[in-house]
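**Student:** Heads up: the sequence shown begins at 701 in our numbering, then just goes up one per residue.
Quick reminder that beta carbons are idealized off the backbone N, C-alpha and C, glycines included.
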Amino acid sequence: MRIIGKTGSSGFIVTAGMEELCQVMGFHSSYGMKDSEKPDVGRDIKVSDLYQALSVSRERREEIAKLANQLRTVAGRVDSINQALASPIVEVEVKS
701 MRIIGKTGSS GFIVTAGMEE LCQVMGFHSS YGMKDSEKPD VGRDIKVSDL YQALSVSRER
761 REEIAKLANQ LRTVAGRVDS INQALASPIV EVEVKS
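Here it is in structure tokens:
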């Protein structure tokens, strides 16, 4: 990304490649974007909103890591229940 001009006291005109813009928009690359999401002339990119989300994630890193571990635990339990439900129920006939 390169600054090529200035618009007033706080604005800039920049040039950037497609992949750079996609990354600024929060995507790994343009490959993962729908056509309607891709950068185009006249499109507004809310960089401050994206930065705010990233900032909150960084500030709450420990809380998010704890939540991720809790979700993994619950997912493991659900997988165990699903496996048990998928197993056939065998009835044993007792002859007297």
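Is the Cβ-Cβ distance between Arg-718 and Glu-737 less than 9 Å?
**Tutor:** Locating residue 718 in the sequence shown gives position 18, counting from the first residue. Locating residue 737 in the sequence shown gives position 37, counting from the first residue. The sequence as given places Met at residue 718; Arg does not occur at that position. No, the pair does not count as a contact, with Cβ atoms beyond the cut-off.
**Student:** I'd like the list of long-range same chain contacts for Ser-729, defined as Cβ closer than 7 Å, with 5 residues on each side in sequence excluded.
**Tutor:** Here residue 729 is taken as the residue at index 29 of the sequence shown, counted from 1. Around Ser-729: Glu-719, Cys-722.
**Student:** Can you check the segment 742 to 771 for any alpha helix (DSSP H) of at least 4 residues that lies completely inside it and give the ranges in chain order?
**Tutor:** Qualifying alpha helix (DSSP H) stretches, in chain order: 747 to 759.
**Student:** Taking a contact to mean a Cβ-Cβ separation below 9 Å, would you say Thr-715 touches Met-701 in this structure?
**Tutor:** Start at 1 with the first residue of the sequence shown, and residue 715 comes out as number 15. Start at 1 with the first residue of the sequence shown, and residue 701 comes out as number 1. Yes.
**Student:** In three-state terms, what does DSSP make of Ile-713?
**Tutor:** Here residue 713 refers to the residue found at position 13 of the sequence shown. Reduced to three states, the DSSP call for Ile-713 is strand.
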